[in-house]
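These notes are about the structure you will find just below.
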Amino acid sequence: MIISASRRTDLPALYAPWLLNRARAGWCAVPNPFNPRQVARVSLRPEDVDALIFWSRWPAPLTARLGELESLGLARSLFLITLLDSPRVLEPRQPPLRKRIEAFCELAERIGPERVVWRYDPIVISDPTSEDWHARTFARLAEALRGKTRRCIVSFLEIYKKLRPRLRGLRGQGLNVEERPQASAPELLPRLAAIAARNGMRLQTCAQSEDWTELGAPPGACVDPILLNELFGLGLPTRADPHQRAHCLCAPSRDIGMYDSCTFGCAYCYATRDVARSRANRAAHDPLSPSLLGRFEPPASQAALPGLDRSGSRS
Numbered sequence: 003m004i005i006s007a008s009r010r011t012d013l014p015a016l017y018a019p020w021l022l023n024r025a026r027a028g029w030c031a032v033p034n035p036f037n038p039r040q041v042a043r044v045s046l047r048p049e050d051v052d053a054l055i056f057w058s059r060w061p062a063p064l065t066a067r068l069g070e071l072e073s074l075g076l077a078r079s080l081f082l083i084t085l086l087d088s089p090r091v092l093e094p095r096q097p098p099l100r101k102r103i104e105a106f107c108e109l110a111e112r113i114g115p116e117r118v119v120w121r122y123d124p125i126v127i128s129d130p131t132s133e134d135w136h137a138r139t140f141a142r143l144a145e146a147l148r149g150k151t152r153r154c155i156v157s158f159l160e161i162y163k164k165l166r167p168r169l170r171g172l173r174g175q176g177l178n179v180e181e182r183p184q185a186s187a188p189e190l191l192p193r194l195a196a197i198a199a200r201n202g203m204r205l206q207t208c209a210q211s212e213d214w215t216e217l218g219a220p221p222g223a224c225v226d227p228i229l230l231n232e233l234f235g236l237g238l239p240t241r242a243d244p245h246q247r248a249h250c251l252c253a254p255s256r257d258i259g260m261y262d263s264c265t266f267g268c269a270y271c272y273a274t275r276d277v278a279r280s281r282a283n284r285a286a287h288d289p290l291s292p293s294l295l296g297r298f299e300p301p302a303s304q305a306a307l308p309g310l311d312r313s314g315s316r317s
C-alpha cells in the first residue's frame, strides 16, 4: 500500500507532530470526505506501507524529524515539492522564496535528489504571469535546484467550478487569469523542457488532457510506481488509480489528509474551500487525535498507544 500524505493538505509543513504520533500508533483514522460517517482505519505499520508520498511546499518541519520516522520503519519515502515564485495574490502565505529553496536543497542532501521531485505546478497564465515570465522564473528556479532533483512535474491550472469566484476576485488586484492556460503549451513547454534539460532534470506533465511529448513534456505520474520500484526494489503494479481525476496516471494510494486544513491560502487550491475555515480547523487540531481534524474513530478502533505527546515526541 502507498500512503499519500497528502493531496488534501500540507502534512509535512503543518502537521508533522500528528503524523509522527500516528506512525507510532501504527494507524490513523480517515473519514470519507463525501460521507464523514464512513471512517477508515489506515495502517501505518511498516509491513503494510510500501512507500510514503509527501506533498508539500514547505518540508522543513518534517525534514528535521525524518530520522524519527525512519526509526519506526517508515524509511521508503518520496517528496513532491511545489516550488513556484508566483505573485503574492496567488500564494499569500508561505515562507520567503530563499528559505523554500534552502529547504528543498536540505531535503535533497538528506535523502538524495532522486527522492525529491520538483512540482512547478500549477502554471497560471495571466497579465503579470505571461509565457515569458514563466520561462524566466522557471530558469531561475531550475538553476537554484540544479543537482538537487532529477525530475520536474508541470501542469496548467485547471479552473474547477468552485475556483471561479475566487479567481474572479483577483481581477481587482491586477491579476486577470486566462481561462484556457493550456493554449500556452506549444509556446511555453519546449522552453521549459530545454531549461530543465540544461539543469539535469526531466520534464513531465501531470493529468493533462493532451499529450505534449513532442513538446518535450511527456505525461507522467506523480505517484509513480516505476520510480518507486527503482528506488526501493518494490514490485508495485503499474496500473493507474481509477479513483483519481481523468488523465491522472498515478498508482493507487491511500490519502490520510483531510480537506480544509491547509492555511497557506493559495488562490488556485482545490482542497481549501475557505481559508478562514482552514485556519479555524488547524487551531482546533489535536496532534493526539486519530484523525487529522476532529476526532473520528473507525469501527472497533483501539486506543492510542502510550508515550505520545503534543509535540510528536515520546514522553
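Here our numbering is used: position 128 in the sequence shown is 130, and no number is missing along the way.
Yeah, the Cβ is synthetic: ideal placement off N, Cα and C, and Gly gets one too.
Three-state secondary structure (DSSP) at residue i?
i, result
"Gly218", "coil"
"Leu165", "helix"
"Thr240", "coil"
"Ile103", "helix"
"Trp60", "coil"
"Ser73", "helix"
"Phe36", "coil"
"Ser280", "helix"
"Thr65", "helix"
"Leu54", "strand"
"Phe81", "strand"
"Ala1", "A question about residue 1 goes unanswered here, because the residues of the chain that appear run from 3 up to 317."
"Ala248", "coil"
"Glu232", "helix"
"Pro308", "Low local confidence applies: a pLDDT of 42 at Pro308 is under 50, so the model's placement there is unreliable, with the coordinate-based value given in what follows. Reduced to three states, the DSSP call for Pro308 is coil."
"Ala302", "coil"
"Ala31", "strand"
"Ile258", "coil"
"Arg173", "helix"
Can you tell which of the options has its C-alpha closest to the C-alpha of residue i?
i, options, result
"Leu68", "Leu21, Asp87 and Val51", "Leu21"
"Ala223", "Gly202, Phe234, Asn201 and Arg247", "Arg247"
"Leu80", "Trp120, Asn37, Leu74 and Ser73", "Trp120"
"Pro115", "Phe234, Glu70, Gly149 and Thr84", "Gly149"
"Leu233", "Ala53, Leu16, Ser293 and Lys163", "Ala53"
"Leu143", "Ser45, Leu194 and Ala278", "Leu194"
"Leu64", "Glu108, Leu290, Glu216 and Val51", "Glu108"
"Leu165", "Glu212, Met3, Val277 and Ala196", "Val277"
"Ser45", "Pro38, Glu93, Val32 and Val225", "Val32"
"Met37", "Met260, Pro94 and Glu216", "The displayed chain sequence assigns Asn, not Met, to residue 37. Of the candidates Met260, Pro94 and Glu216, the one whose C-alpha sits nearest the C-alpha of Asn37 is Met260."
"Arg281", "Ile113, Ala273, Leu294 and Thr265", "Thr265"
"Pro301", "Ser8, Tyr17, Ala18 and Arg39", "Arg39"
"Trp29", "Ala273, Thr274 and Asp257", "Asp257"
Which whole-angstrom value describes the C-beta separation of residue i and residue j, a residue pair presumed to lie in contact below a C-beta threshold of 8 Å?
i, j, result
"Ala242", "Leu251", "5 Å"
"Ser6", "Ile83", "About 15 Å; that fails the 8 Å criterion."
"His245", "Ser211", "The Cβ separation is near 18 Å, so there is no contact."
"Asp134", "Val156", "The Cβ separation is near 16 Å, so there is no contact."
"Asp12", "Ser58", "5 Å"
Excluding sequence positions up to five away, which residues of its chain have a Cβ less than 8 Å from the Cβ of residue i?
i, result
"Val91", "Leu172, Gln175, Gly176, Leu177 and Ala269"
"Arg297", "Asp288 and Ser291"
Spatial neighbours of residue i within its chain, please: C-beta separation below 7 Å, excluding the five flanking residues on both sides.
i, result
"Glu145", "Asn201"
"Arg168", "Ala269"
"Glu180", "Ile127 and Ser128"
"Ser315", "Because Ser315 carries a pLDDT of 46, less than 50, the predicted location of this residue cannot be relied on, and the following value inherits that uncertainty. Once the five neighbours on either side are set aside, Ser315 has no close Cβ partner at all."
"Pro183", "Ile125, Val126, Ile127, Phe158 and Leu159"
"Ala18", "Pro63, Leu64, Arg67 and Gly314"
Going along the chain, which residues of its own chain have a beta-carbon closer than 6 Å to the beta-carbon of residue i, five neighbours each way excluded?
i, result
"Pro227", "Leu238, Thr240 and Ala253"
"Glu93", "Cys268"
"Pro192", "Leu217 and Gly218"
"Ala137", "Arg193"
| request: Let me know the alpha helix (DSSP H) ranges lying completely inside the stretch 177 to 221, each 4 residues or longer, listed in chain order. | output: 187 to 200
| task | Mind listing, in chain order, the continuous beta strand (DSSP E) runs of no fewer than 3 residues lying wholly within the stretch 118 to 167? | result | Within the stretch 118 to 167, the runs of beta strand (DSSP E) that reach at least 3 residues and sit entirely inside it are, in chain order, 118 to 125 and 153 to 158.
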